[in-house]
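Colleague: With this note's numbering applied, the sequence shown corresponds to residues 207 to 429, in that order.
Idealized CB from N, CA, C, for every residue including glycine.
A quick note: this is a predicted structure, and the numbers were derived from the prediction, not measured.
Below you'll find the structure I mean.
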Amino acid sequence: MGWDGMRTTASRARSLVIMRLKELEGILQNLTKFREPKSYLEQYTTTPHLAARMLFTAHSVYDDIENKVVADFGCGCGVLSIASNLLGSSFNLGIDIDPSALQIAQENSSNCELDIDFLLADITSYPLQRLEGDIDTVIMNPPFGTKNKGVDMIFLKKAMEVSNNAVYSLHKTSTREHVLKKAREWDVTCEILAELKFDIPMMYKVHKKSSVDIEVDLLRIVK
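See the structure below:
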């Protein structure tokens with residue numbers, strides 16, 4: 207489906223069933239993760255537990271997913287895009303800078319028999335203004351900004367600029383005050399929906415423990 211047809215809901219071969227939270231998490235558990243994660247891109251797969259609750263909240267509490275055009279910034283292996291599609295989004299676009307991650311995302315999408323578009327692009331430099339007016343909701347688990355300081359805020363601002371509806375994003379709880387300050391500067395409403403645990407397994411050489419729980423905020427931002 208091209209950009210012009212984004213808002214036309216295609217007739218689906220599969221019947222659309224309103225999925226329960228546990229069913230959604232169960233499907234996400236079977237998705238392929240990063241085979242060779244890149245530390246400089248801060249690649250950490252959003253856990254099925256987090257992804258399911260994030261998208262289920264956006265869907266069931268705020269009605270920001272079903273029949274909406276949803277973009278996933280820094281989509282990685284496609285977990286959030288797939289969750290969104292399973293909950294009835296009308297069109298999905300996943301964007302990532304890493305071609306190997308997009309290959310896995312496409313494989314995951316195909317294995318779930320879902321129709322999701324993926325775009326190879328750098329969120330920080332891609333001319334996203336061409337998407338303005340087409341995107342209802344942006345969902346994302348952006349880089350935390352540990353390796354590249356400030357990249358989390360770049361993702362957030364870009365998402366806010368193109369979204370017609372709402373932005374859902376995960377950010378380190380330790381950056382909460384900075385995020386809220388930026389939201390005030392941008393004259394947008396930032397709501398902290400939940401404080402969650404992001405389980406990061408031992409993936410890189412610098413990791414000394416088998417896993418670490420990072421406290422993250424689930425944010426909803428509207429203009």
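Can you tell me which of the three DSSP states F324 falls into?
Modeller: Reduced to three states, the DSSP call for F324 is strand.
Colleague: Look at the alpha carbon of L286 and the alpha carbon of S296, and state the distance between them as a whole number of angstroms.
Modeller: Approximately 14 Å between the Cα atoms of the pair.
Colleague: If I measure Cβ to Cβ from F404 and keep anything under 6 Å in the same chain, skipping five residues before and after, which residues do I get?
Modeller: Excluding sequence neighbours, F404 sits near I420 and V422.
Colleague: Three-state secondary structure (DSSP) at M346?
Modeller: DSSP places M346 in strand when its eight states are reduced to three.
Colleague: Quick check: D304 and C281, are their CB atoms within less than 7 Å of each other?
Modeller: Their beta carbons are not under 7 Å apart, which means D304 does not touch C281 by this criterion.
Colleague: Shortest alpha-carbon distance to G241 belongs to which of V368, G232, T251 and L234?
Modeller: Checking the displayed sequence, the identity of residue 241 turns out to be Arg instead of Gly. When only C-alpha atoms are compared, the closest one is T251.
Colleague: Just reading off the beta strand (DSSP E) that V276 is part of, what are its end residues?
Modeller: First-last of the beta strand (DSSP E) with V276: V275 to F279.
Colleague: Which residues mark the beginning and the end of the beta strand (DSSP E) in which V373 is found?
Modeller: Note, V373: beta strand (DSSP E), S369 to K378.
Colleague: Does the Cβ of K246 have 16 or more other Cβ atoms within 10 Å, making it buried, or fewer, making it exposed?
Modeller: The displayed chain sequence assigns Tyr, not Lys, to residue 246. It is exposed - the Cβ of Y246 has fewer than 16 other Cβ atoms within 10 Å.
Colleague: For the 8 Å Cβ check, are there 3 or more pairs between the stretch 261-271 and the stretch 325-341?
Modeller: The stretch 261-271 vs the stretch 325-341: no contact.
Colleague: Please go through the same chain and pick out, in chain order, the residues whose beta-carbon is closer than 6 Å to the beta-carbon of K429, but skip the five residues on each side of it.
Modeller: Contacts found: V394.
Colleague: If G169 sits next to D278, beta carbons under 8 Å apart, how far is it from one beta carbon to the other, in whole angstroms?
Modeller: Nothing about residue 169 can be read from this structure; the chain reaches only from 207 to 429.
Colleague: Go ahead and label N236 buried or exposed: buried means 16 or more other beta carbons lie within 10 angstroms of its beta carbon, across all protein chains shown.
Modeller: Label assigned to N236: exposed.
Colleague: In terms of residues, what are the limits of the beta strand (DSSP E) holding F240?
Modeller: Taken as a continuous stretch (DSSP letters only), F240 belongs to no beta strand (DSSP E), as it is neither H nor E.
Colleague: Considering only the beta carbon of each residue, do R426 and A365 sit closer than 7 Å?
Modeller: Not closer than 7 Å, so no.
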